[in-house]
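First comes the structure, then the notes that go with it.
2 protein chains.
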Amino acid sequence: MARNLLVAHGGGPTAVINCSLYGVIVEARASGDVDRILAARHGIAGVLKGDVMDLTDEPQQIVDGLRTTPASAVGSCRHKVTDEDYDRIFDAFERFDIKYFLYNGGNDSMDTANKVHQRACDSSADVRVAGIPKTIDNDLAYTDHCPGFGSAARYFAGTVRDLGRDIESLPTPVSICEVMGRNAGWLAAATVAAREDDGDAPHLIYLPETPVVKSDFLSAVDNTLKQWGRCVVAASEGARDETGNSLSTAEGGANVDGFGHPLPGGVASVMADWVAQELGVRARYEKPGIPGRASILCRSETDVHDAIEVGRAAVRHVTAGESGHMMGIERVGENPYAMNVVPAPLSKVANVERRVPAEFMAGASGMAPAFMDYLRLLLGGPFPQYIRLTGSPA
Amino acid sequence: MARNLLVAHGGGPTAVINCSLYGVIVEARASGDVDRILAARHGIAGVLKGDVMDLTDEPQQIVDGLRTTPASAVGSCRHKVTDEDYDRIFDAFERFDIKYFLYNGGNDSMDTANKVHQRACDSSADVRVAGIPKTIDNDLAYTDHCPGFGSAARYFAGTVRDLGRDIESLPTPVSICEVMGRNAGWLAAATVAAREDDGDAPHLIYLPETPVVKSDFLSAVDNTLKQWGRCVVAASEGARDETGNSLSTAEGGANVDGFGHPLPGGVASVMADWVAQELGVRARYEKPGIPGRASILCRSETDVHDAIEVGRAAVRHVTAGESGHMMGIERVGENPYAMNVVPAPLSKVANVERRVPAEFMAGASGMAPAFMDYLRLLLGGPFPQYIRLTGSPA
Numbered sequence: 004m005a006r007n008l009l010v011a012h013g014g015g016p017t018a019v020i021n022c023s024l025y026g027v028i029v030e031a032r033a034s035g036d037v038d039r040i041l042a043a044r045h046g047i048a049g050v051l052k053g054d055v056m057d058l059t060d061e062p063q064q065i066v067d068g069l070r071t072t073p074a075s076a077v078g079s080c081r082h083k084v085t086d087e088d089y090d091r092i093f094d095a096f097e098r099f100d101i102k103y104f105l106y107n108g109g110n111d112s113m114d115t116a117n118k119v120h121q122r123a124c125d126s127s128a129d130v131r132v133a134g135i136p137k138t139i140d141n142d143l144a145y146t147d148h149c150p151g152f153g154s155a156a157r158y159f160a161g162t163v164r165d166l167g168r169d170i171e172s173l174p175t176p177v178s179i180c181e182v183m184g185r186n187a188g189w190l191a192a193a194t195v196a197a198r199e200d201d202g203d204a205p206h207l208i209y210l211p212e213t214p215v216v217k218s219d220f221l222s223a224v225d226n227t228l229k230q231w232g233r234c235v236v237a238a239s240e241g242a243r244d245e246t247g248n249s250l251s252t253a254e255g256g257a258n259v260d261g262f263g264h265p266l267p268g269g270v271a272s273v274m275a276d277w278v279a280q281e282l283g284v285r286a287r288y289e290k291p292g293i294p295g296r297a298s299i300l301c302r303s304e305t306d307v308h309d310a311i312e313v314g315r316a317a318v319r320h321v322t323a324g325e326s327g328h329m330m331g332i333e334r335v336g337e338n339p340y341a342m343n344v345v346p347a348p349l350s351k352v353a354n355v356e357r358r359v360p361a362e363f364m365a366g367a368s369g370m371a372p373a374f375m376d377y378l379r380l381l382l383g384g385p386f387p388q389y390i391r392l393t394g395s396p397a
Numbered sequence: 004m005a006r007n008l009l010v011a012h013g014g015g016p017t018a019v020i021n022c023s024l025y026g027v028i029v030e031a032r033a034s035g036d037v038d039r040i041l042a043a044r045h046g047i048a049g050v051l052k053g054d055v056m057d058l059t060d061e062p063q064q065i066v067d068g069l070r071t072t073p074a075s076a077v078g079s080c081r082h083k084v085t086d087e088d089y090d091r092i093f094d095a096f097e098r099f100d101i102k103y104f105l106y107n108g109g110n111d112s113m114d115t116a117n118k119v120h121q122r123a124c125d126s127s128a129d130v131r132v133a134g135i136p137k138t139i140d141n142d143l144a145y146t147d148h149c150p151g152f153g154s155a156a157r158y159f160a161g162t163v164r165d166l167g168r169d170i171e172s173l174p175t176p177v178s179i180c181e182v183m184g185r186n187a188g189w190l191a192a193a194t195v196a197a198r199e200d201d202g203d204a205p206h207l208i209y210l211p212e213t214p215v216v217k218s219d220f221l222s223a224v225d226n227t228l229k230q231w232g233r234c235v236v237a238a239s240e241g242a243r244d245e246t247g248n249s250l251s252t253a254e255g256g257a258n259v260d261g262f263g264h265p266l267p268g269g270v271a272s273v274m275a276d277w278v279a280q281e282l283g284v285r286a287r288y289e290k291p292g293i294p295g296r297a298s299i300l301c302r303s304e305t306d307v308h309d310a311i312e313v314g315r316a317a318v319r320h321v322t323a324g325e326s327g328h329m330m331g332i333e334r335v336g337e338n339p340y341a342m343n344v345v346p347a348p349l350s351k352v353a354n355v356e357r358r359v360p361a362e363f364m365a366g367a368s369g370m371a372p373a374f375m376d377y378l379r380l381l382l383g384g385p386f387p388q389y390i391r392l393t394g395s396p397a
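One line per chain: the protein sequences are R and B, in this order. Going by my numbering, the first residue of the first sequence is number 4, and it counts up by one from there. Going by my numbering, the first residue of the second sequence is number 4, and it counts up by one from there.
Structure below.
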């Protein structure tokens, strides 16, 4: 009876998802309990199609290169798994002699992994399942934070920091920067790390967790303009109005992903129009979008470390005979940073969304100090130092 | 009679405009011909208001930090200079004992510098003027390339490269990336550097130089989807239709800058809507915007070098008694890269816009090889290596 391992990626890629794959391969190679290391192309969709590649003999140089290659090197998918699909998944497991199944992803993927685990428990299939957490949205429960978040947080905070310097030097009064995050505002919140001095961007932060009241927003922009002469806003792509509708014109449109979630985008454009039309002030928007989750240059070293560790832990977990858990992260050291992997039942993790808690929030103008305490280490180090000229009167 | 130098920045900042300021300060300090080094805050607008700071005694550590600080450390402006303004400019020159005036900017700023020079020639004022070229748009004539372009080119090409990897790994079929550039498509063109293998992004490139015919665009996307299953488009923010109108909904709106130029933005959003509505295919857009000209991390070392050199050359030029020139760049070596500064008359440079020439273009699917020959060195080095797994059949 072969003891093959199958790994697959679900949902949106990150700058470090390949680091977890690196961890899986390295640990599986070192283990005496894995015969062949297989990867499904494009996630569970690849499992269903039997589109599987064998990485057992992949050259070490290429495996090492996974650590510095963005997006998913084995592809990903947003396929919503149906009841009938589970039969075909287990057919594939049988065909490829899969004993270990590792699914790397966010909420939807952990739900899929949980159902595969349940099905294995309910049948005679000797398949052990583990979930590897991954989401730039940082919205998985039962983990201190999610691999992928720290790097995207560093990207968007660094981007808002650069944007703030630009807006300060050339007076376009208002700029709205759209930050990824559909339902949880962790990434928009993280842009607060760009602030070092009074008057630094972002001046206002809008998360999906708190409704945006148009009149309040315009007042806040107006007040910021009066105080600083400029206003940089970090707005989550999932920002909503009082009725729960997205501010985005895209929401409710024809564009939905495989889970029926609307494709986000357009919030910043709408908010910039509000400012231009209602305040009569020049406003522009920036929407870095997907590159924000794919930048190797802007990555967090903490994030790289954690992504590798959860990948390795998943292999150890299933080869030790365990099944049905996601590899949660527990923070156990602050200086230097240290973490433990703490398995959490997939049944608890699945489909629970951890949004930014109230104690981390502090209105539109900022985040609570407790949030910066939470965030700091995840950014993987300070930003490059930018100077300001002192000058003397001429 | 004091021999003070006044430097000012006009137009959009870049990732290296402060490098030119560094060059100016370092060269002026080394020169025996400059008494005080003054900088106007927010460009010619600061000159008009007498808002001038003295950088003569700025600590060297802060001056050194200019090389790694984005945006304009002395501020910039888009003020359109009127005839009456020139009297006030010369009043300010007299008040601050200005003998040397250096204006760093693009087309509009070179026009301003030229008029200041002409006014000095026509009067008894002993003021010598030089222009320091700077624009991410790369559209100044009488120079091989413009400081600021190489870094923004590296940013947008690297961004499209990351985007391409993401789109390849997770099948959102179409992504439109909006690239800065109002009237000249140099930056959108530069994203072609992201292509290493067949099927790599960008699959299509649209410049303002060539009209976008909607039906042709949709056919090109459709054909790309048939061939590769995905399509990443790099579209210049200044992309226009057959009638010369911007594709952007923002064009013609109330948002205009101080020169009456419409504020660009929105092209990618429009093109993504076309794809979703007409082809029935999921499409998203990214619009990195201003951070694309402000990223220190993504900068080109060639660009840093050139920006410093043109700043230094401008000081040497005016202290040698010359006036009325922009410090053009001549490329004199390819391996290793070498350049000379070649002064060009401001009267010729002013208001001439150098667009992407026909011999660099090759239709929507790419750029001519001659363009890559032109671009390569300006990017300041290769991109980080990304791997692709080989895998074997399972």
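Yeah, the Cβ is synthetic: ideal placement off N, Cα and C, and Gly gets one too.
Worksheet item: Any C-beta of chain B sitting closer than 8 Å to the C-beta of R:M274?
Response: No, no contact with chain B.
Discussion item. Short of 7 Å Cβ to Cβ, which residues in the segment 96-111 of chain R face chain B?
Written reply: Only F99 from the segment 96-111 of chain R bring a Cβ to less than 7 Å from some Cβ of chain B.
Practice prompt. Examine chain B for any beta-carbon lying closer than 8 Å to the beta-carbon of R:I293, and answer yes or no.
Written response: yes
Worksheet item: Quick one: Cα of R:F220 to Cα of R:S154, how far?
Response: 29 Å
Fill in: Inside the segment 92-144 of chain R only - alpha helix (DSSP H) runs reaching at least 4 residues
110-125
Worksheet item: For B:K83, does the three-state DSSP call read helix, strand or coil?
Response: coil
Worksheet item: Between B:T59 and the rest of its own chain, which residues show a CB-CB distance below 6 Å, the 5 nearest in sequence each way excluded?
Response: R39, I40
Discussion item. Per the DSSP calculation, B:D57 is bridged to which residue(s)?
Written reply: R:S395, B:L41
Practice prompt. Quickly, what does DSSP pair R:N343 with across the bridge? List them, please.
Written response: R:E333
Practice prompt. Assign B:V335 to buried or exposed, taking buried as 16 or more other Cβ atoms, counted over all protein chains shown, within 10 Å of its Cβ.
Written response: exposed
Item to complete: Compare the C-beta of B:S23 against all C-beta atoms of chain R and say whether one is closer than 8 Å.
Response: no
Worksheet item: Among B:V284, B:R357, B:G327, which has the Cα closest to the Cα of B:Q121?
Response: B:Q121 has its Cα closest to that of B:G327, out of B:V284, B:R357, B:G327.
Item to complete: With B:C22 as the anchor, note down where its alpha helix (DSSP H) starts and where it stops.
Response: DSSP places B:C22 in the uninterrupted alpha helix (DSSP H) bounded by 20-33.
Worksheet item: Touching or not, the segment 51-66 of chain R and the segment 122-142 of chain R, by the rule of three or more beta carbon pairs under 8 Å?
Response: no
Practice prompt. Would you mind stating whether B:G108 and B:G14 have Cβ atoms separated by less than 8 Å?
Written response: yes
Discussion item. Could you tell me the alpha carbon to alpha carbon distance between B:N186 and B:S249, rounded to whole angstroms?
Written reply: About 10 Å.
Worksheet item: So what's B:Y389 in DSSP terms, helix, strand or just coil?
Response: coil
Discussion item. Quick check: what's the CA-CA separation for B:A18 versus R:A76?
Written reply: 31 Å
Discussion item. Below 7 Å on C-beta distance, what does R:I299 contact in chain B?
Written reply: P387
Worksheet item: Buried or exposed: where does B:M4 fall if 16 or more other Cβ atoms within 10 Å of its Cβ makes it buried?
Response: exposed
Item to complete: Output, in chain order, the set of chain B residues within a Cβ distance shorter than 7 Å of R:S79.
Response: S172, L173
Discussion item. Bridge partners for B:C180 per DSSP, in chain order?
Written reply: B:A237, B:E289
Practice prompt. Kindly indicate if chain R contains any beta-carbon less than 8 Å away from that of B:G255.
Written response: Here the model assigns B:G255 a pLDDT of 37, short of 50, so the residue's position is not dependable and the matter cannot be decided.
Item to complete: Examine chain R for any beta-carbon lying closer than 8 Å to the beta-carbon of B:L378, and answer yes or no.
Response: no
Worksheet item: Going by Cα to Cα distance, which pick from B:H308, B:I390, B:Y145 is closest to B:R168?
Response: B:I390
Fill in: Contact set between B:L41 and chain R, taken where Cβ atoms lie within less than 8 Å
A397
Item to complete: Could you tell me whether the Cβ of B:T72 comes closer than 8 Å to any Cβ of chain R?
Response: So, interface residue.
Worksheet item: If B:D203 sits next to B:A196, beta carbons under 8 Å apart, how far is it from one beta carbon to the other, in whole angstroms?
Response: At roughly 11 Å, the Cβ-Cβ gap does not stay under 8 Å, so B:D203 and B:A196 are not in contact.
Item to complete: Determine, using beta carbons only, whether B:K290 comes closer than 8 Å to chain R.
Response: yes
Fill in: 7 Å CB neighbourhood of B:E356 in its chain, flanking five on each side removed
Cβ contact annotation for B:E356 (same chain, cutoff 7 Å, sequence separation greater than five): N110, D142, N186, A187, in chain order.
Worksheet entry | Residue from B:F159, B:V224, B:A353 whose Cα sits closest to the Cα of B:T194 | B:F159
Worksheet item: Secondary structure at B:N7, three-state DSSP: helix, strand or coil?
Response: strand
Worksheet item: Thinking C-beta only, is R:C301 closer than 8 Å to B:L300?
Response: yes
Fill in: Alpha-carbon to alpha-carbon, R:E304 and R:R379
Taking the straight line joining both Cα atoms gives about 12 Å.
Worksheet entry | is_contact[R:E312, chain B] using C-beta, thresh 8 Å | Chain B contact via Cβ: absent.
Practice prompt. Closer than 7 Å, Cβ to Cβ, to anything on chain R: give me those residues from the segment 52-63 of chain B, in chain order.
Written response: V55, M56, D57, L58, D60, E61
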